[in-house]
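Take a look at the structure below.
Residue numbers (this note's numbering): 1 to 117.
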């Protein structure tokens, strides 16, 4: 009888610790923040990763690709490890505001858009 009680207690403790461990883990989200002149900031989810390391690796590749492929009529330049500046360079676009694209990895429990109302 005492052995059965011990086994039950051990089983209950192992289930509790595995559930706590699973709850403590979270995914990581790669967000793109777009800021153009006085217009409101726009946030967009680009990718979800299993951990911070893979999210940061995806972010580095995303910044490289974004800096290397500007849309027609624009120039892009990389600023640091997370920001790409997009500037109009031809024709009617001259004088239009520049756009900053910033990439950030955050836990899936954090929403940079703020509190929903």
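Cβ coordinates follow ideal geometry from the N, Cα and C atoms, glycine included.
Return the Cβ separation of residue i and residue j in integer angstroms, given the expectation that the two are a contact with Cβ distance under 8 Å.
i	j	result
residue 84	residue 63	6 Å
residue 67	residue 61	Contact doesn't hold; Cβ gap of about 11 Å is too wide.
residue 28	residue 107	6 Å
On the DSSP letters alone, give me the boundaries of the alpha helix (DSSP H) that residue i sits inside.
i	result
residue 55	52-68
Nearest-angstrom Cα distance between residue i and residue j?
i	j	result
residue 36	residue 101	9 Å
residue 156	residue 90	Residue 156 falls outside the range modelled here, since the chain spans only 1 to 117, and no answer is possible.
residue 34	residue 65	16 Å
residue 117	residue 109	17 Å
On a Cα-Cα basis, can you pick out the residue from the options that is closest to residue i?
i	options	result
residue 97	27, 73, 82, 26	73
residue 69	107, 52, 87	87
residue 49	115, 81, 31, 80	31
Between which two residues does the beta strand (DSSP E) containing residue i stretch?
i	result
residue 84	83-88
residue 75	74-79
residue 44	42-49
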